[in-house]
Amino acid sequence: MTPARREFVADGPPGESAAERRHRTLTELKRTVRHHPAVDIATGAQGDDGRFREREVTFDPLILGIDADRAALRIEWRPRPDPTDPAYFVFHYHDSTGRDFGWHREPNPHVDGLEHYQGRTAPDQEYDYEPTYFDSDSPVDLLWDILGRIEERVSEEL
Amino acid sequence: MSDESNRGTERWIEETSAFDRVRSVAFALQQPRTAGQIAKSAHVSEKTARDHLRRLVEMDVMLEETGEGPTTYYPDPAYMRYREVRTLAREHDRDELMDIVATLKGDIEKWREELDVETPDELRASVADADVSEEAVYERQKLAEDWEYTEYRLGLIKDALAEYDRLTTGPPTTA
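Protein sequence lines, in the order shown, are assigned to chains L and E.
Start counting at 1 in the first sequence, then tack on 491, and there's your number in the working numbering.
Start counting at 1 in the second sequence, then tack on 11, and there's your number in the working numbering.
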């Protein structure tokens, strides 16, 4: 019996909080995304100043194969208090040519349900919203799937 | 995820080892999961996932629950917390950590003043007020989460400052 082997008892110490899960998950997303060849760096968004509430992933536009000067993905991960409820999230891509789209799971007045794609082709336009769905409950698996969707979407538009 | 959108998954498999993927999925679990469920998310066989998960349990970084149902795994919250504290100490000097403390405390102070509440729970309760629109309900919920998260992060940074020397210790130096 190893020290780590134990029962998750209901009357034990309080379970891991949603805040702890959020921090741990953002740390892991920051770590895994660095393996993507088009990813330059994963940092806090501008003005983060050590808050670590969301992550901004910066792409190398040349490796991503786009004509933009800057390209980035904003990541939010918001676990619900009950860990069996799917966490809310935002994976939103934007670049200096005006591409602006992302996959979100959060309350919104635009589609039935929480999960949706939203995108627009110019900063002065309204977003178009479409319902979507996600199969995986792993944030890491989800991130890599979305990185693939981003690559596909930016290459289609060339 | 739909089957046609697996370019990202292919990249993940090309760029990382099976162990990397199992560890990464395991460290980001949202609730206890079986080796089979972790294998599916990490795109490895169940046997591979189980072998790597057992190694992580032996390294004291994952918990293994062997109750009446199937064996499940979860990252050890105590280890994960220590890891965050250690990362803060290694990536920032003391002055930078003090600056982050000031920023986070400033945020909490601002929320208290602007929203006229003392705690995240009070903020959550305030959504029932008549003058809070439906759209503002989710915004307040998010702020309450950010507030709790900020308090959690403040705790991590305080621990990093308190144990700074211990957390940044290197190998012994030769005479």
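Glycine included, C-beta positions come from ideal geometry on N, C-alpha and C.
Here the structure is a predicted model, which is why all the values come from computation and not from measurement.
>> Between which residues of its own chain and LEU115 (chain E) is the CB-CB distance below 7 Å, once the five residues before and five after are set aside?
In response: By one-based count along the second sequence, residue 115 (chain E) stands at place 104. Apart from sequence neighbours up to five positions away, the residues of its chain that approach LEU115 (chain E) with a beta-carbon distance below 7 Å are THR161, ARG164 and LEU165, ordered along the chain.
> For HIS601 (chain L), which of helix, strand or coil comes out of DSSP?
Replying inline: The residue given as residue 601 (chain L) occupies position 110 in the first sequence. HIS601 (chain L) falls in the coil class under three-state DSSP.
> Leaving out the 5 sequence neighbours to the left and right, which residues in its chain are closer than 6 Å to ILE557 (chain L) when beta-carbon positions are compared?
Replying inline: Sequence index remark: in the first sequence, residue 557 (chain L) carries index 66 (1-based). Sequence-distant Cβ neighbours of ILE557 (chain L) in its own chain, meaning closer than 6 Å and more than five residues away, are VAL645.
> If we count Cβ pairs, one from each stretch, closer than 8 Å, do we get three or more for the stretch 29-38 of chain E versus the stretch 581-590 of chain L?
Replying inline: No, the stretch 29-38 of chain E is not in contact with the stretch 581-590 of chain L.
> So, is the C-beta of PHE580 (chain L) closer than 9 Å to a C-beta in chain E?
Replying inline: For the purposes of this step, residue 580 (chain L) is taken as the residue at position 89 of the first sequence. Answer no: the Cβ-Cβ gap between PHE580 (chain L) and chain E never drops below 9 Å.
> What does ARG97 (chain E) touch in chain L if you count any residue whose Cβ is under 9 Å from its own?
Replying inline: Within the second sequence, numbered from 1, the residue matching residue 97 (chain E) stands at position 86. What ARG97 (chain E) touches in chain L: nothing, since even the nearest Cβ is about 12 Å away.
> Can you check whether the CB of PHE543 (chain L) is closer than 9 Å to the CB of ALA529 (chain L)?
Replying inline: Along the first sequence, one-based indexing puts residue 529 (chain L) at 38. Along the first sequence, one-based indexing puts residue 543 (chain L) at 52. In this structure, PHE543 (chain L) does not lie closer than 9 Å to ALA529 (chain L) by Cβ.
> Given that TRP635 (chain L) touches chain E, what residues does it touch there, using C-beta distances under 8 Å?
Replying inline: By one-based count along the first sequence, residue 635 (chain L) stands at place 144. Those are GLY19, THR20, ARG22 and TRP23, listed as they occur along chain E.
> Taking C-beta to C-beta, are GLU113 (chain E) and PRO131 (chain E) nearer than 9 Å?
Replying inline: Against the second sequence, residue 113 (chain E) aligns to sequence position 102. Against the second sequence, residue 131 (chain E) aligns to sequence position 120. Strictly speaking, residue 113 (chain E) in this sequence is Ala, with Glu absent from that position. A distance of 9 Å or more separates the beta carbons of ALA113 (chain E) and PRO131 (chain E).
>> Please return the same chain residues whose Cβ sits closer than 6 Å to the Cβ of VAL602 (chain L), not counting the five positions on each side in sequence.
In response: Start at 1 with the first residue of the first sequence, and residue 602 (chain L) comes out as number 111. Apart from sequence neighbours up to five positions away, the residues of its chain that approach VAL602 (chain L) with a beta-carbon distance below 6 Å are TYR620 and PRO622, ordered along the chain.
> Which two residues bound the contiguous alpha helix (DSSP H) that contains VAL2 (chain E)?
Replying inline: What is shown of chain E runs 12 to 186, which leaves residue 2 (chain E) out entirely.
> Which two residues bound the contiguous alpha helix (DSSP H) that contains GLU159 (chain E)?
Replying inline: Taking the second sequence and counting its residues from 1, one reaches residue 159 (chain E) at position 148. Run containing GLU159 (chain E): 145-173, per the alpha helix (DSSP H) assignment.
> In the structure shown, what three-state DSSP assignment does GLN616 (chain L) receive?
Replying inline: As a working mapping, residue 616 (chain L) is identified with position 125 in the first sequence. Looking at GLN616 (chain L) - three-state DSSP - the assignment turns out to be coil, as it is neither helix nor strand.
>> To be precise: take each residue of the stretch 587-620 of chain L, compare its Cβ to all Cβ atoms of chain E, and keep it if any distance is under 9 Å. Which residues remain?
In response: Those residues of the stretch 587-620 of chain L that come within reach of chain E (Cβ to Cβ, closer than 9 Å) are GLU597, PRO598, ASN599 and PRO600.
> Pick from E:PRO88, E:ASP62 and E:GLY80: whose alpha carbon is nearest that of MET73 (chain E)?
Replying inline: Locating residue 73 (chain E) in the second sequence gives position 62, counting from the first residue. Across the set E:PRO88, E:ASP62 and E:GLY80, the C-alpha of E:PRO88 shows the shortest separation from the C-alpha of MET73 (chain E).
> Distance, Cα to Cα, ARG590 (chain L) vs THR612 (chain L)?
Replying inline: What you label residue 590 (chain L) is simply residue 99 of the first sequence in a count that begins at 1. What you label residue 612 (chain L) is simply residue 121 of the first sequence in a count that begins at 1. C-alpha of ARG590 (chain L) to C-alpha of THR612 (chain L): approximately 6 Å in a straight line.
>> I'd like to know whether the C-beta of ARG561 (chain L) is nearer than 9 Å to at least one C-beta of chain E.
In response: Sequence index remark: in the first sequence, residue 561 (chain L) carries index 70 (1-based). Not closer than 9 Å to any Cβ of chain E, the Cβ of ARG561 (chain L) fails to qualify, so no.
> Quick check: the stretch 43-61 of chain E against the stretch 78-97 of chain E, are there 3 or more CB pairs under 8 Å?
Replying inline: Yes: at least three Cβ pairs fall under 8 Å.
> For a contact meaning CB atoms closer than 9 Å, what does ARG164 (chain E) contact in chain L?
Replying inline: Residue 164 (chain E) sits at position 153 when you count from the first residue of the second sequence. What ARG164 (chain E) touches in chain L: ALA510, HIS514, GLY541, ARG542, PHE543 and ARG544.
> Is ASP560 (chain L) helix, strand or coil when you go by DSSP?
Replying inline: As a first step, residue 560 (chain L) is located in the first sequence; it is residue number 69 there, counting from the start. The answer is coil: DSSP assigns ASP560 (chain L) none of H, G, I, E or B.
>> Is there a Cβ of chain L sitting closer than 9 Å to that of SER52 (chain E), yes or no?
In response: The residue given as residue 52 (chain E) occupies position 41 in the second sequence. Chain L, which has a Cβ nearer than 9 Å to the Cβ of SER52 (chain E), makes this yes.
>> Using only the alpha-carbon positions, how far apart do ARG522 (chain L) and ASP142 (chain E) sit?
In response: Residue 522 (chain L) sits at position 31 when you count from the first residue of the first sequence. Residue 142 (chain E) sits at position 131 when you count from the first residue of the second sequence. Their Cα atoms are separated by approximately 42 Å.
>> Could you compute how far the alpha carbon of PRO494 (chain L) sits from the alpha carbon of TYR85 (chain E)?
In response: As a first step, residue 494 (chain L) is located in the first sequence; it is residue number 3 there, counting from the start. As a first step, residue 85 (chain E) is located in the second sequence; it is residue number 74 there, counting from the start. Model confidence at PRO494 (chain L) stands at a pLDDT of 45, short of 50, so the residue's coordinates are unreliable; what they give is reported in the following sentence. So the alpha carbons of these two residues sit roughly 14 Å apart.
> Which residue spans inside the stretch 564-592 of chain L form an unbroken alpha helix (DSSP H) run of at least 4?
Replying inline: Along the stretch 564-592 of chain L, the alpha helix (DSSP H) does not occur as any fully enclosed run of 4 or more residues.
>> I'd like to know if the stretch 558-570 of chain L and the stretch 505-513 of chain L are in contact, where contact means that at least 3 CB-CB pairs between them fall below 8 Å.
In response: As far as the Cβ criterion goes, the stretch 558-570 of chain L touches the stretch 505-513 of chain L, which means the pair count is three or higher.
>> Since GLU75 (chain E) and LEU167 (chain E) should fall inside the 8 Å C-beta cutoff, what is the C-beta to C-beta distance between them, to a whole number of angstroms?
In response: Sequence index remark: in the second sequence, residue 75 (chain E) carries index 64 (1-based). Sequence index remark: in the second sequence, residue 167 (chain E) carries index 156 (1-based). Not quite, the Cβ-Cβ distance comes to about 26 Å (not below 8 Å), so this is no contact.
>> For a test of the three-state rule: what should DSSP assign to GLU79 (chain E), helix, strand or coil?
In response: Translated into positions along the second sequence, residue 79 (chain E) becomes position 68. GLU79 (chain E) falls in the coil class under three-state DSSP.
> For ASP106 (chain E), does the count of other Cβ atoms within 10 angstroms reach 16, so buried, or fall short, so exposed?
Replying inline: Within the second sequence, residue 106 (chain E) is the residue found at index 95, counting from 1. Looking at its Cβ environment, which holds fewer than 16 other Cβ atoms inside 10 Å, ASP106 (chain E) is exposed.
> Apart from the five residues just before and just after TYR90 (chain E), which ones in its own chain have a Cβ nearer than 8 Å to its Cβ?
Replying inline: Looking up residue 90 (chain E) in the second sequence gives position 79. Cβ within range, chain order: ASP71 and VAL72.
> If we cut at 9 Å on Cβ distances, does THR551 (chain L) have a partner in chain E?
Replying inline: Along the first sequence, read from residue 1 onward, the residue named residue 551 (chain L) stands at position 60. For the record, residue 551 (chain L) in the displayed sequence is Asp; it is not Thr. No - not a single Cβ of chain E is within 9 Å of the one on ASP551 (chain L).
> Under three-state DSSP, which class holds GLU15 (chain E)?
Replying inline: Residue numbering aside, residue 15 (chain E) sits at position 4 when the second sequence is read from its first letter. Low local confidence applies: a pLDDT of 48 at GLU15 (chain E) is under 50, so the model's placement there is unreliable, with the coordinate-based value given in what follows. In the three-state reduction of the DSSP assignment, GLU15 (chain E) falls in the coil class.
> Where MET492 (chain L) and ARG61 (chain E) are concerned, what is the direct C-alpha to C-alpha distance, given to the nearest angstrom?
Replying inline: For the purposes of this step, residue 492 (chain L) is taken as the residue at position 1 of the first sequence. For the purposes of this step, residue 61 (chain E) is taken as the residue at position 50 of the second sequence. For MET492 (chain L), the predicted model reports a pLDDT of 42, less than 50, meaning its position is unreliable and no value from the coordinates is stated.
> Of the residues L:TRP635, L:ARG596, L:LEU555 and L:HIS607, which one's Cα is nearest the Cα of GLU25 (chain E)?
Replying inline: Against the second sequence, residue 25 (chain E) aligns to sequence position 14. Comparing Cα-Cα distances from GLU25 (chain E) to each of L:TRP635, L:ARG596, L:LEU555 and L:HIS607, the minimum goes to L:TRP635.
> On the three-state DSSP scale, how would you describe PHE38 (chain E)?
Replying inline: Taking the second sequence and counting its residues from 1, the one referred to as residue 38 (chain E) is at position 27. Residue state for PHE38 (chain E) is assigned as helix, using DSSP reduced to three classes.
> Can you find a C-beta in chain E that's less than 9 Å from the C-beta of PRO630 (chain L)?
Replying inline: Mapped onto the first sequence, residue 630 (chain L) falls at position 139. A Cβ of chain E is located within less than 9 Å of the beta carbon of PRO630 (chain L).
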